[in-house]
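Asks:
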Amino acid sequence: MAQIEDSDVDLIQNAMSAMPDHKSVAEFVPGPGIARLNLKFDIEKLQDALQECLKREAFMGGMQDQGFAALPLTQRPGQTEWTPNDLSGRYWLRADDRYVEEPREDLVPEIDFSEFNPKFSGTYFEHVHEELTKRFPIGRTRILSKGLYNCNSWHRDPEPRLHIPLISNPGALFIVNHHVTHLPADGSVYFTDTRAYHTALNGGEHQRVHIVAALAYEQVTE
Numbered sequence: 000m001a002q003i004e005d006s007d008v009d010l011i012q013n014a015m016s017a018m019p020d021h022k023s024v025a026e027f028v029p030g031p032g033i034a035r036l037n038l039k040f041d042i043e044k045l046q047d048a049l050q051e052c053l054k055r056e057a058f059m060g061g062m063q064d065q066g067f068a069a070l071p072l073t074q075r076p077g078q079t080e081w082t083p084n085d086l087s088g089r090y091w092l093r094a095d096d097r098y099v100e101e102p103r104e105d106l107v108p109e110i111d112f113s114e115f116n117p118k119f120s121g122t123y124f125e126h127v128h129e130e131l132t133k134r135f136p137i138g139r140t141r142i143l144s145k146g147l148y149n150c151n152s153w154h155r156d157p158e159p160r161l162h163i164p165l166i167s168n169p170g171a172l173f174i175v176n177h178h179v180t181h182l183p184a185d186g187s188v189y190f191t192d193t194r195a196y197h198t199a200l201n202g203g204e205h206q207r208v209h210i211v212a213a214l215a216y217e218q219v220t221e
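Sequential numbering from 0 applies to the sequence shown in numbering that gives the first Met the number 0.
1) Does Ser87 pass the burial test, meaning 16 or more other C-beta atoms within 10 Å, or should it be called exposed?
2) What does a CB cutoff of less than 8 Å around Pro29 pick up in its chain, not counting 5 residues either side in sequence?
3) Quick check: what's the CA-CA separation for Thr79 versus Pro117?
4) Please report the Cβ distance between Leu182 and Tyr189, rounded to the nearest whole angstrom; I am assuming they are in contact, meaning their Cβ atoms lie under 8 Å.
5) Look up His154 in the DSSP assignment and give the residues it is bridged to.
6) Measuring only the C-alpha atoms, how far is Phe67 from Asp156?
7) In terms of alpha-carbon separation, which member of Val208, His205, His209 and Leu172 lies closest to Phe27?
8) Hey, Leu143 and Ala212 are a contact pair by Cβ (cut 8 Å); roughly how many whole angstroms apart?
9) Can you tell me whether DSSP reads Ser6 as helix, strand or coil?
10) Between the alpha carbons of Arg134 and Glu4, how many angstroms are there, rounded?
11) Let me know the secondary structure DSSP gives His128 once reduced to three states.
12) Do Thr193 and Pro159 count as a contact pair if the criterion is CB distance below 7 Å?
13) Output the distance between the C-alpha atoms of Ser113 and Leu214, rounded to the nearest integer angstrom.
14) Give the single residue among Asp20, Gly32, Met0 and Leu10 whose Cα lies nearest to the Cα of Thr191.
15) Measuring alpha carbon to alpha carbon, tell me which of Gln206, Asp20, Ala94 and Thr73 ends up nearest His154.
16) Are Phe115 and His126 closer than 7 Å when you measure CB to CB?
17) Pick out whichever of Glu221, Tyr123 and Pro19 has its Cα sitting closest to the Cα of Cys52.
18) What is the rounded straight-line gap between the Cα of Phe58 and the Cα of Gln50?
19) If you check the beta carbons only, do Phe40 and Gly186 fall under 7 Å apart?
20) Check each candidate in Pro164, Val175 and Gly146 and name the one with the smallest Cα separation from His197.
21) If we ignore side chains and look at the alpha-carbon of each, how far apart do His21 and Tyr148 end up?
22) Please report the Cβ distance between Leu165 and Val208, rounded to the nearest whole angstrom; I am assuming they are in contact, meaning their Cβ atoms lie under 8 Å.
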């Protein structure tokens with residue numbers, strides 16, 4: 000049978016002429032909407048603080064069976080209870096084959112979450128929060144856990160976020176629009192412009208845990 004030669008054949012033959020990169024995917028690669036800051040913390044102290052906080056308070060949230068759990072490091076002044084909306088908050092997504100963007104949950108005024116949670120007073124996380132607030136307007140700051148083989152929805156948020164990985168693995172990835180990268184747990188602080196569409200996924204065999212701090216600049220409302 001005669002073989003067709005066209006641009007599709009050329010594309011695949013060219014692709015087969017070399018092996019794709021499989022090393023840099025285990026590293027951080029900056030791109031549009033995601034960058035590593037110069038600010039850095041001590042990863043051993045971060046991980047010790049995580050264990051100390053979990054001794055004082057368990058993860059919260061009604062979606063823990065689905066792989067999502069939260070522990071609030073900041074609160075409204077005097078706050079003692081957290082609603083499901085406090086732990087999550089407004090986001091937008093296109094949920095079905097209509098491709099129509101729709102809001103989910105209520106907008107959370109990030110700037111209201113100005114007080115460090117006294118339950119975690121004296122931990123290294125208090126120092127982290129102090130250092131962040133010296134530099135940026137910081138809103139809700141949460142420890143977010145993602146179970147193995149798990150993915151968030153594909154959505155956008157009202158504000159950007161800072162991520163500080165506490166526990167990670169090479170299969171834990173962050174995607175902002177068309178850019179995907181691993182965020183190593185080495186004490187680094189990462190800016191993620193989550194006003195763009197994004198998701199976090201954990202394709203590894205171990206739990207992924209990050210500090211996620213909302214940057215309380217003017218929020219997107221639509």
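Beta carbons: idealized from backbone N, C-alpha and C, even for Gly. These numbers come from a predicted model, not from an experiment.
Replies: For this structure:
1) Residue burial is scored here from C-beta neighbours: Ser87 has at least 16 other C-beta atoms within 10 angstroms and is therefore classed as buried.
2) Taken in chain order, the residues that qualify are Arg35 and Thr180.
3) Roughly 10 Å between the two C-alpha positions.
4) Between Tyr189 and Leu182 the Cβ distance is about 5 Å, and since that is below 8 Å, they are a contact.
5) His197
6) 17 Å
7) Leu172
8) Between Leu143 and Ala212, the beta carbon gap of about 11 Å keeps them out of contact (Cβ cut-off 8 Å).
9) helix
10) Just so you know, the alpha carbons of Arg134 and Glu4 end up roughly 58 Å apart.
11) Of the three classes helix, strand and coil, the one that applies to His128 here is helix, per DSSP.
12) yes
13) 12 Å
14) Gly32
15) Ala94
16) no
17) Tyr123
18) 12 Å
19) yes
20) Val175
21) 20 Å
22) 5 Å
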